[in-house]
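Going down the list, the protein sequences come from chains A and B.
Position 113 of the first sequence, counting from 1, maps to 115 under the numbering used here, and the rest follow consecutively.
Position 35 of the second sequence, counting from 1, maps to 70 under the numbering used here, and the rest follow consecutively.
Note that CB positions come from ideal geometry on N, CA and C, so glycine has one too.
Quick notes on the structure that follows.
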Amino acid sequence: MATWIVLIGGFVLSLVATKKFDIEFLATWAVFILGGAPLTVAIAALSIALATGLAVLGALGRLSRSAPIYAAATLYVSFVRGTPLVVQILFLILALPQIVPASADVPLIVLGIVALAFNYGAYMTEIFRAGIQAVPRGQREAAEALGMPERLVMRRILLPQAVRIVIPPIGNEFIAMLKDSALLSIVGVQELLWRAETAGAQKFRTFETLTLAAAVYWVMTIVFTLLQERLERRMAAGDR
Amino acid sequence: MTLATEEPVVRASGIHKHFGDNHVLRGVDLEVREHETVAVIGRSGSGKTTLLRCLNFLEEPSLGTVRIGEISVVADPLHARSRGHRERVRRLRTHAGMVFQEFNLFPHMTVLQNCIEAPIRVRGLSRAAATETADRFLAKVHLSEKRDEYPARLSSGQKQRAAIARALCMEPDVLMLDEPTSALDPELVGEVLRVMEELAHEGTTMIVVTHEMQFAREAADRVLFMERGVILEEGSPLQLLDHPRLDETRQFLRRVLGR
């Protein structure tokens, strides 16, 4: 930790000392840029929530005995994992209005959140599938032996236990999403990165503004990682 | 009494089970009458657990018919996944309580919730009625004071007693216990056996797969000895445990009783 402070502090000081780093310019725009951080967190949170819903459906599909449902879920996962996230975002925002003109009226941020959720939902499908399969076999047997029909077994016995298993990996996904949400800046969603770029472009001072944006992403990641570790410890405590 | 009460509660006929090339059950016929406690003994690998699991179709028998209460299901391994067959099996299971070696309590529910979940959602009882039933059976297994605890906070003996209460709360026609004391800490075996003996004496219809010869002797009305996938010998505890007719039975008893 001490090493970190020395290294980072030294880096910042040397920048300021050489006068290459316009700290005054940055100060005037700092509020504007930092104002993007809550939006970034909100985008990530909403996207993860939506993605979780998609992931549950996807996982149920991947575990389904019905061949068409299984095939549809597998197609979803394969397509999303096989194409870049940027392409999916651009597709939804730039390409879709060509086919579905009404989609042009949907606020950009909504389309952006849908695109992120669609993408993460596929990766999280596999997390949920693994989570459901990680519930001990005896749980399903005990529920079935009580005469519970399949849906009830899933909803009341397996899913609630799977959720506890997947909360740590979903925390990881959220932290990754914080950073991937920056991709929405390319289509003009006014989140953290967009603001940093826009502010920096005023006076060709993107070095300063991007440094600040990067620092904010980093700090947010550290904070949420700490929160997640706490959550994990608490969940583990409930286990025994 | 009427003729109906003389009908056995459980009737399994011609049960066969193959696991690949392994012919685990080779034609088992079994009848259990109301209020009767049947102990099933035999070496591990003799098929006794598989028999129990075939009775409620946790394993689909390769061949045979099982009737429990009024529900009868014919084994149909080729269509085991069909909706109609699954529904028949599901209804059969509501008449057969199952207690597992490893308890399999639902860890995300309290003891009480474990006990009322299926009665509410499967039998359609009201929460109040299900809770009343659960309290009655929790008292019977001496676990009333633990009703609001999560399973993680119970000892193995308490877990198994909770699992017995959970099965009883469905008010099944028969209670089936699969080596219920084999996963217990040795000093806790006694409390679970005591509960099982009390249930037996109260007339609960039970099938118990067990290695506890003492329990078989004191609580069972009938003992079945299984070997190589068939019921080789059966009789009253006295007959079978003290005066077995067959060499195989005698050898088995000599090994487990150490005499």
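Asked, Found
"Residues bridged to B/D213 (per DSSP)", "B/V244"
"Interface flag, B/Q274 vs chain A, CB-CB below 8 angstroms", "no"
"Reduced DSSP secondary structure (H/G/I, E/B, other) of B/L178", "coil"
"Below-8 angstroms beta-carbon distance, A/R242 vs any chain B residue", "In this prediction, A/R242 scores a pLDDT of 43, lower than 50, which makes its location untrustworthy; no coordinate-derived value is stated."
"Any C-beta of chain A under 8 angstroms from that of B/A164", "no"
"Alpha helix (DSSP H) runs wholly inside the segment 38-75 of chain A, at least 4 long, in chain order", "38-64"
"Residues near A/I115 by beta carbon distance below 7 angstroms, same chain, minus five either side", "I45, L48, S49, L52"
"Contact set for B/I155: own chain, Cβ-Cβ below 7 angstroms, skip 5 residues either direction", "R162, A165"
"C-beta neighbour in chain B for A/I71, strict 8 angstroms", "no"
"Nearest residue (CA-CA) to B/G132, options A/I134, A/G149, A/P86, A/A74", "A/G149"
"Near-chain B residues of the segment 140-172 of chain A (beta-carbon distance less than 8 angstroms), N- to C-terminal order", "G140, Q141, E143, A144, A145, E146, A147, L148, G149, M150, P151, E152, L154, R158, I159, P162, Q163, R166"
"Nearest candidate by alpha-carbon position, reference A/G91, set A/R139, A/E26, A/S187", "Strictly speaking, residue 91 of chain A in this sequence is Ile, with Gly absent from that position. Answer by Cα proximity: A/S187."
"Proximal residues to A/R242 (C-beta, below 6 angstroms), its chain only, five neighbours per side dropped", "The predicted model places A/R242 with a pLDDT of 43, which falls under 50 and marks its position as unreliable, so this point remains unresolved."
"Assigned secondary structure, B/A255 (DSSP; H/G/I helix, E/B strand, else coil)", "coil"
"Helix, strand or coil at B/K52 according to DSSP, with G and I counted as helix", "strand"
"Rounded straight-line distance, which links the Cα of A/R64 to that of B/E66", "42 angstroms"
"Collapsed DSSP secondary structure at B/S190 in the structure displayed", "coil"
"Distance CB(B/E95)-CB(B/P112) smaller than 8 angstroms", "yes"
"Any chain A beta carbon closer than 8 angstroms to B/M36", "Confidence at B/M36 is low in this model, with a pLDDT of 42, below 50, so its placement is unreliable and the value that follows should be read with caution. No, B/M36 lies away from the interface with chain A (no Cβ there is under 8 angstroms from its Cβ)."
"Proximity test, B/R263 beta-carbon vs the ligand ZN heavy atom, cut-off 7 angstroms", "The ligand ZN is absent from the structure shown, which contains no ligand whatsoever."
"Beta-carbon proximity check, B/R61 vs B/E262, cutoff 8 angstroms", "no"
"Residue from A/P109, A/F120, A/A73, A/G60 with nearest C-alpha to A/V89", "A/F120"
"Between the CA atoms of A/M156 and A/S66 - distance to the nearest angstrom", "11 angstroms"
"For B/M241 and B/V63, the rounded distance between their alpha carbons", "18 angstroms"
"Rounded separation between B/M248 and B/L87 - CA only", "18 angstroms"
"Status (buried if at least 16 other CB within 10 Å, exposed otherwise) for A/I129", "buried"
"Closest Cα partner of B/H278 within the set B/V258, B/M144, B/T85, B/V243", "B/V258"
"CB contact below 8 angstroms: A/R83 versus chain B", "no"
"Neighbour flag for B/L93 against chain A, beta carbons, 8 angstroms", "yes"
"Helix, strand or coil at B/A74 according to DSSP, with G and I counted as helix", "strand"
"Start-to-end residues for the alpha helix (DSSP H) that takes in B/D220", "Here B/D220 belongs to no alpha helix (DSSP H), and DSSP marks it neither H nor E."
"is_contact[B/V153, chain A] using C-beta, thresh 8 angstroms", "Checking the sequence shown, residue 153 of chain B turns out to be Ala, not Val. True, the Cβ-Cβ gap to chain A drops below 8 angstroms."
"Contact under 8 angstroms by Cβ, A/A184 with A/F34", "no"
"Neighbouring residues, chain B, relative to A/R67 (Cβ below 8 angstroms)", "R116"
"Simplified DSSP assignment, three categories, for B/M36", "Only weak support exists for where B/M36 lies, its pLDDT of 42 falling under 50; the coordinates are left without a value."
"Reduced DSSP category for B/F295 - H, G, I as helix; E, B as strand; rest coil", "Beyond the ends of chain B as shown, which are 36 and 294, falls residue 295 of chain B; an answer cannot be given."
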